[in-house]
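Below is one structure; the comments refer to it alone.
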């Protein structure tokens with residue numbers, strides 16, 4: 001019996017040692033891979049510096065740029081913090097926060113309680129997919145509020161300043177109160193992971209015009225994009241009926257966790273076969289009863305209700321009373 005116990009103890013110790021060695025080898029290998037990727041990234045950046053990006057081209061996230069010899073150059077790498085970073089067209093590298101569920105309105109990040117509104121005014125972030133009516137809503141809000149409040153606006157586009165130019169052309173605000181930002185290939189990063197590209201213009205506009213309210217429009221993106229609370233005190237996410245009545249139930253942080261969901265272009269429902277009652281049901285379910293508004297922003301329908309939601313939150317956050 002004693003011999004059996006000794007043999008069992010020896011077998012157990014050997015198993016432990018084997019397992020321990022395997023873990024050490026695995027960790028060492030992972031670190032070497034990460035170091036190799038970082039070195040590869042450095043050489044890739046050098047190759048990218050000689051690559052002319054003045055021409056138009058398209059590629060998926062998984063596809064890198066080509067070196068001068070035609071081989072692939074990596075545009076993603078593992079950083080010291082273990083996150084995977086990537087860059088688009090030589091712009092600032094960034095990572096993306098993982099999203100594991102559609103999200104819940106009741107669990108959304110609350111507004112910051114220690115915000116100093118004397119440094120940057122109450123900021124309204126307007127996000128949503130391409131073509132849903134973000135810029136039209138920016139214009140409508142400016143027209144509704146500009147006579148009573150000091151406003152300024154920042155727009156985001158990928159490689160143009162078209163949305164900012166639209167606001168100027170349509171007289172939303174004086175031109176000097178509008179800034180247009182080019183975000184590059186990841187517009188969602190500019191409103192969440194790396195907000196500095198928007199914070200600078202917003203703070204500058206606040207200092208110049210002593211703004212009561214600042215409006216920030218994101219670049220058109222997918223359903224996974226949403227604003228950081230470091231940037232937006234109040235978040236509006238806008239979708240439209242033309243994409244079909246399935247959109248609210250698809251979820252994503254914009255739909256489920258924005259302070260207000262706007263379902264725009266309801267006048268197109270019949271043309272595209274969308275059922276507004278289905279959208280209402282799914283919006284209520286996906287947002288835990290959080291507020292949403294049916295709208296036809298271009299025709300002014302629903303805009304006053306949206307404004308009331310914004311001003312209510314502005315009053316609560318700043319202690320000011322609406323004019």
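Residue numbers (full-length UniProt numbering): 1 to 323. Using N, Cα and C, we set each Cβ at its ideal position, and we do this for glycine too.
Rounded C-beta distance between residue 173 and residue 151? I'm assuming under 8 Å. Right, the Cβ-Cβ distance comes to about 6 Å (below 8 Å), so this counts as a contact.
Measuring CB atoms only, is the stretch 296–312 touching the stretch 259–272, in the sense that at least three cross pairs come out at less than 8 Å? Enough Cβ pairs lie closer than 8 Å, so yes.
Report the rounded CA-to-CA distance for residue 216 versus residue 271, giving the unit in angstroms. Distance from the CA atom of residue 216 to the CA atom of residue 271, rounded to whole angstroms, is 31 Å.
Three-state secondary structure (DSSP) at residue 208? DSSP places residue 208 in the helix class (H, G or I) of the three-state scheme.
Should the stretch 166–183 be regarded as contacting the stretch 123–130, the criterion being three or more beta carbon pairs within less than 8 Å? Because the criterion of three Cβ pairs below 8 Å is not met, the stretch 166–183 and the stretch 123–130 do not touch.
Short of 8 Å in beta carbon distance, which residues of its chain neighbour residue 120, apart from the five on each side in sequence? Order them along the chain. Beyond the five residues adjoining it in sequence on each side, residue 120 comes within less than 8 Å, by CB distance, of 199, 202, 203, 206, 214 in the same chain, given in chain order.
Taking 7 Å as the limit between beta carbons, can you name the residues of its chain near residue 322, skipping five residues before and five after? Result list for residue 322: 311, 315, in chain order.
Excluding the 5 residues flanking residue 166 on each side, which residues of the same chain have their C-beta closer than 6 Å to its C-beta? Counting only Cβ-Cβ distances below 6 Å, and skipping sequence neighbours, we find 135.
Three-state secondary structure (DSSP) of residue 163: Helix at residue 163.
DSSP state of residue 172, grouped into three classes? Coil, per DSSP.
Between the CA atoms of residue 251 and residue 154 - distance to the nearest angstrom: Distance between the alpha carbons of residue 154 and residue 251: 27 Å.
Can you tell which of 147, 248, 307, 320 has the C-alpha that lies nearest to the C-alpha of residue 224? Out of 147, 248, 307, 320, 248 has the C-alpha closest to the C-alpha of residue 224.
Taking 8 Å as the limit between beta carbons, can you name the residues of its chain near residue 139, skipping five residues before and five after? Excluding sequence neighbours, residue 139 sits near 166, 167, 170, 172.
Backbone secondary structure at residue 301 - three-state DSSP: Residue 301 carries a strand assignment under DSSP once its states are collapsed to helix, strand and coil.
At which residues does the beta strand (DSSP E) containing residue 155 begin and terminate? Residue 155 -> beta strand (DSSP E) spans 151–157.
Residue environment, residue 253, which counts as buried when at least 16 other CB atoms sit within 10 Å: So residue 253 counts as buried.
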